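Going from the first sequence to the numbering used here is simple: count from 1 and add 49.
Where a beta carbon is used, it is the ideal one built from N, C-alpha and C, also for glycine.
Keep in mind that this is a model prediction, so the values were computed, not measured.
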Amino acid sequence: MDSPDFSEEKMRPVVQPVYIARAIRMNKAQQQYFTRRLMHWHTTHNGRSLPWKEEKDPYKIWLSEIILQQTRAQQGLPYYLKFTEAYPRVKDLATAEDEEVFRLWQGLGYYNRCRNMLGTARYIHHDLEGKFPRTIESIQALKGIGAYTAAAIASFAYGLPHAVVDGNVYRVLSRYFGIDTPIDSTAGKKEFTALADQLLDKTDSAGYNQAIMDLGATVCKPASPDCLACPLNDKCFARKHELWNDLPVKSKKLIVKKRHFYYILFLKDNQLWIRKRTGDDIWQNLYEPFLVEHKAGLTTAELATHELVKPLKLKKADLQLSGRLFQRLTHRVIETHFYLYRIKNTPAALPTGGKWVSLKELNKYAFPKSIISFFEKNAYFY
DNA sequence: AACCCGGGGGT
DNA sequence: ACCCCAGGGTT
């Protein structure tokens, strides 16, 4: 006999199917009303000011879009200013040293963006004579540019009629039109992209794309949306049915895994042993001290006998625990321990691929945020 | 389709 | 504690 399922998942308030208007089948007048009200708000009430708005240089627009991927405007802003000052033209970025560019990117996260950005800058400089591509297909073919970024560059730089679909757009459209198709599904991406293209004001695609993203960022916010200030509040589905907390819908649940990192900071004559992270893992291309990762927590004694540590024949008494921190990432919690080990006589048999770097030169290398935090707490470094 | 990637801010 | 952010790449 089946018992009723009162699990939280089943009890989650869902959008009632009877209310769902398939916006894709909505008549043209309703769509034009949405666009007209949005554009009117943009020209009269949108006071959001950011340095990449009104920018016409495709290179700088591209730079801003890469920096802003999955990153709040306020967090990306200082990086945009640093990069445009250090590299005013694509040639400047293309001819810069890897280490210098990663150092500028340090702290921003998603470091493959930086790798792809450098590759694309060099491709444009060397193979395209410094000229940024001008069609949506050729823009999206560049490394690090997907559907959103291609539409953004095409509309902002060239006025081409392509609608952006980012987190803001999913939120505004799902709420206004009452669409509960999960935005992290293939069907959802198709449905929202098709609707966005229909709503686009083709006479001012740049203005329209700015408008809908600014509305999502400043009015139709994820939590506590400011519906009273919204130009679309009279016909908004989510407002009418009080469903702003239930839209948009995501289908996948986030799984947070825990990792345990043990850094041993080998010091010798005011030098620190570091190496570049490689392989298919977090923090690719960043530097770090000697790392031991284990599935679970380790005591100092257990660390000393770990298979990566034992061959180094360390004196356990000289292994000094100097710091510990938890780092919360989107889908990881990383517990990190920092040990100091001063080498006096015979150098330890450290792995190949690393190098000794003067403490004064550490600021030339990019490190993960957790390691920077440890350096900053210990004036010995920096 | 599922899973990977960072760090910061809001609630 | 959880969600989201001017997403994209790989398997």
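Whether residue i touches residue j by CB criterion (8 Å)
i: residue 281; j: residue 225; result: yes
i: residue 261; j: residue 221; result: yes
i: residue 402; j: residue 387; result: no
i: residue 136; j: residue 145; result: yes
i: residue 322; j: residue 399; result: yes
i: residue 408; j: residue 151; result: no
i: residue 412; j: residue 263; result: no
i: residue 287; j: residue 237; result: no
i: residue 265; j: residue 214; result: no
i: residue 170; j: residue 188; result: no
i: residue 165; j: residue 131; result: no
i: residue 157; j: residue 128; result: yes
i: residue 38; j: residue 233; result: Since the first residue of the chain shown is 50 and the last is 431, residue 38 is not available in this structure.
i: residue 167; j: residue 147; result: yes
Between the CA atoms of residue j and residue i - distance to the nearest angstrom
i: residue 203; j: residue 255; result: 9 Å
i: residue 268; j: residue 365; result: 58 Å
i: residue 116; j: residue 337; result: 23 Å
i: residue 88; j: residue 257; result: 6 Å
i: residue 341; j: residue 123; result: 35 Å
i: residue 420; j: residue 92; result: 45 Å
i: residue 120; j: residue 216; result: 11 Å
i: residue 106; j: residue 139; result: 10 Å
i: residue 299; j: residue 427; result: 42 Å
i: residue 76; j: residue 99; result: 35 Å
i: residue 80; j: residue 294; result: 23 Å
i: residue 246; j: residue 239; result: 11 Å
i: residue 406; j: residue 125; result: 30 Å
i: residue 12; j: residue 389; result: Beyond the ends of the chain as shown, which are 50 and 431, falls residue 12; an answer cannot be given.
i: residue 284; j: residue 275; result: 15 Å
i: residue 344; j: residue 359; result: 18 Å
i: residue 40; j: residue 118; result: Residue 40 falls outside the range modelled here, since the chain spans only 50 to 431, and no answer is possible.
i: residue 242; j: residue 149; result: 38 Å
i: residue 271; j: residue 78; result: 28 Å
i: residue 363; j: residue 357; result: 11 Å
i: residue 82; j: residue 231; result: 25 Å
i: residue 181; j: residue 244; result: 28 Å
Nearest residue (CA-CA) to residue i, options the options
i: residue 378; options: 231, 428, 418, 237; result: 418
i: residue 368; options: 381, 348, 384, 383; result: 348
i: residue 414; options: 289, 107, 324; result: 324
i: residue 179; options: 143, 301, 191, 158; result: 143
i: residue 361; options: 382, 315, 406, 405; result: 315
i: residue 392; options: 188, 319, 312; result: 319
i: residue 296; options: 165, 370, 406, 223; result: 223
i: residue 327; options: 161, 376, 78, 389; result: 161
i: residue 351; options: 311, 168, 406; result: 311
i: residue 313; options: 330, 301, 284, 339; result: 339
i: residue 174; options: 141, 389, 344, 128; result: 141
i: residue 278; options: 425, 430, 86; result: 86
i: residue 376; options: 390, 343, 422, 404; result: 422
i: residue 424; options: 374, 382, 381; result: 374
i: residue 252; options: 147, 244, 209; result: 209
i: residue 430; options: 330, 381, 317; result: 317
i: residue 382; options: 307, 353, 404, 370; result: 307
i: residue 97; options: 353, 235, 259; result: 259
Cutoff 8 Å; reference residue i; Cβ partners in own chain excluding five residues on either side
i: residue 110; result: 101, 104, 201, 202, 205, 206
i: residue 346; result: 309, 384
i: residue 60; result: For residue 60, the predicted model reports a pLDDT of 32, less than 50, meaning its position is unreliable; a value from the coordinates is still stated below. Excluding residues within five positions, none has a Cβ falling inside 8 Å.
i: residue 211; result: 185, 199, 200, 203, 204, 246, 249, 254
i: residue 404; result: 322, 323, 324
i: residue 195; result: 189
Sequence-distant residues of its chain with Cβ nearer than 6 Å to residue i (five each side left out)
i: residue 154; result: 163
i: residue 84; result: 248, 250
i: residue 90; result: 280
i: residue 355; result: 341
Sequence-distant residues of the same chain with beta carbon closer than 7 Å to residue i, five excluded per side
i: residue 133; result: 109, 112
i: residue 183; result: 207
i: residue 370; result: 349, 386, 388
Paired residues, beta bridge with residue i - DSSP
i: residue 403; result: 324
i: residue 79; result: Note: residue 79 sits in no beta bridge, so no partner.
i: residue 315; result: 390
i: residue 385; result: 310, 374
i: residue 134; result: According to DSSP, residue 134 bridges with nothing at all.
i: residue 342; result: 310
i: residue 259; result: Residue 259 is not bridged to any residue.
i: residue 369; result: 389
i: residue 108; result: In the DSSP output, where bridge partners are listed per residue, residue 108 has none listed.
i: residue 337; result: 324
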